[in-house]
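Chemist: What follows is a structure written as structure tokens; I'll ask about it next.
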Amino acid sequence: MSRRSLSYESIMKTAIKLVEQKGFNNFSLRELAAELQVQPSSLYNHIRGINEIQKAVGLYGIHEMEKGLTEASRGRSMEQALKKMALWYRDYAKNNPELYQAVIGLQMSEDEELKNALKRIVAPIIRVISEKVKEKEPIIHFERAFRSMLHGFISLEMTGYMNRLEIGPEDSFLFMVEQFIDSIGKEGESSGRQGVRTL
């Protein structure tokens, strides 16, 4: 690839491919330059360094997850949507482990762009939960619990901790998700009764 044809988009496309092949933390600018057939110094005409690339790859993963979760929830009831979203989330993490790690590995605390991007992943989850739960605080609790239980289960499954018993991880995953959905339904019923009493 000539320097003339090198662009930010081509750099990021190749970086994503390398992340998927080698791992989020296991590729270098030298390897990226070699894949693009340019000198490493040429990359600095378009990027500031490896941290910018890692952030961009993470943002790409966030965009993919936002699209997938939104599509999984579309046109479904709360119960069906959360189950479909949970299954999609698990499949995405298992089929794209390095991109998923790129998302999870992002440091959100001081970066407004990343904070806003995270909101796009959270938004479809909150929207679905809000169908049954109307108060802000429990909605936030349920949204955090949903992401935490999915990530925790997937992390244990991917490191082999779910394969030691006669019951398969798929059954345990569905059990966990269904119990979570039931708890949202109970919270929604409780909120509804309280609302009636205050009328």
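Under UniProt numbering, the first residue of the sequence shown is numbered 1, with each subsequent residue one higher.
Each residue gets a CB set at the ideal place from its N, CA and C atoms; glycine is no exception.
Owing to the predicted nature of the structure, the values given are computational and were not obtained by experimental measurement.
Quick one: is tyrosine 92 buried, meaning 16 or more other Cβ sit within 10 Å of its Cβ, or exposed?
Modeler: buried
Chemist: Starting from histidine 63 and walking both ways along the alpha helix (DSSP H), at which residues does that stretch end?
Modeler: Its alpha helix (DSSP H) spans residues 50-73.
Chemist: Tell me the start and end of each unbroken beta strand (DSSP E) in the segment 71-117 that is at least 3 residues and wholly inside, in chain order.
Modeler: none
Chemist: Following the continuous alpha helix (DSSP H) through lysine 22, name the residue where it begins and the one where it ends.
Modeler: 8-22
Chemist: Between the C-alpha atoms of phenylalanine 27 and alanine 56, what's the straight-line distance to the nearest angstrom?
Modeler: 14 Å
Chemist: With a threshold of 16 other CB atoms inside 10 Å of the CB of alanine 34, please say whether the residue is buried or exposed.
Modeler: It is exposed - the Cβ of alanine 34 has fewer than 16 other Cβ atoms within 10 Å.
Chemist: Strictly under 8 Å for the Cβ-Cβ distance: is methionine 176 near chain C by that measure?
Modeler: Here there is only one protein chain, and chain C is not present.
Chemist: Whole angstroms is fine: what's the gap from glutamate 110's alpha carbon to glutamine 179's?
Modeler: 35 Å
Chemist: Taking the C-alpha atoms as reference points, what is the distance between serine 7 and glycine 49?
Modeler: 15 Å
Chemist: Please list, in chain order, all residues of the same chain as isoleucine 16 whose beta carbon is under 7 Å from its beta carbon, the five residues on each side excluded.
Modeler: Val57, Tyr60
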